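> Residue numbers (my numbering): 717 to 889.
Glycine residues also receive a C-beta, built at the ideal position from the N, C-alpha and C atoms.
The structure presented is a predicted model; accordingly, all values stated were derived computationally and were not measured.
(1) Three-state secondary structure (DSSP) at residue 820?
(2) Do the stretch 842-862 and the stretch 818-829 touch if we need at least three Cβ pairs shorter than 8 Å?
(3) Taking residue 868 as the reference, which of 759, 845, 876 and 833 has the closest Cα?
(4) With DSSP as the reference, identify every bridge partner of residue 735, one or two as the case may be.
(5) Measuring straight from C-alpha to C-alpha, what distance separates residue 842 and residue 799?
(6) Count the CB pairs spanning the stretch 766-774 and the stretch 732-741 that are closer than 8 Å, and state whether there are at least three.
(7) In the structure shown, what three-state DSSP assignment does residue 875 receive?
(8) Out of curiosity, what's the CA-to-CA distance linking residue 782 and residue 838?
(9) As a quick exercise: from 850, 875, 873 and 874, pick the residue whose alpha carbon is nearest that of residue 864.
(10) Return helix, strand or coil for residue 838, following the three-state DSSP convention.
(11) Have a look at the DSSP bridge pairing and note the partners of residue 749.
Following this line, the structure appears as structure tokens:
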């Protein structure tokens, strides 16, 4: 993958327990139409997944190889249990924003932390990326814990959200 390359096909991110696979237009159309796919957990998709499905279906997200929304599959169950991903490629300053969410039945098991680590590992493979940004609602302490566990620091807030950032570690000489 070269920075900024146009999307040419799936980039699958594998972690210890998870497969993160791009949300394809067919997934998005199923979520938006209320269709149930066989590999979906009973409480998938969440509201956040449906919002992302709408953006994918409308082609509103710039798709570059790794910088896409992903569906999270827990391999042990063979089920899609949430979503995560990038809200586009890195900007001119090398900053990229991530988001993530899980179905209620799979929260509190370290899965979101593992998925975010997978996103960070992917981002750091791109030399253009210098900073990864995420936002949480002020009252979403579990999500804030996910970000803290993977090295994010809270840097700003407004009346509803907290802004979190993690910078690329300097390369050793």
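Taking the definition as stated:
(1) helix
(2) yes
(3) 833
(4) 730 and 789
(5) 21 Å
(6) yes
(7) coil
(8) 7 Å
(9) 850
(10) helix
(11) The partner list for residue 749 (beta bridge, DSSP) is empty, contrary to what the question assumes.
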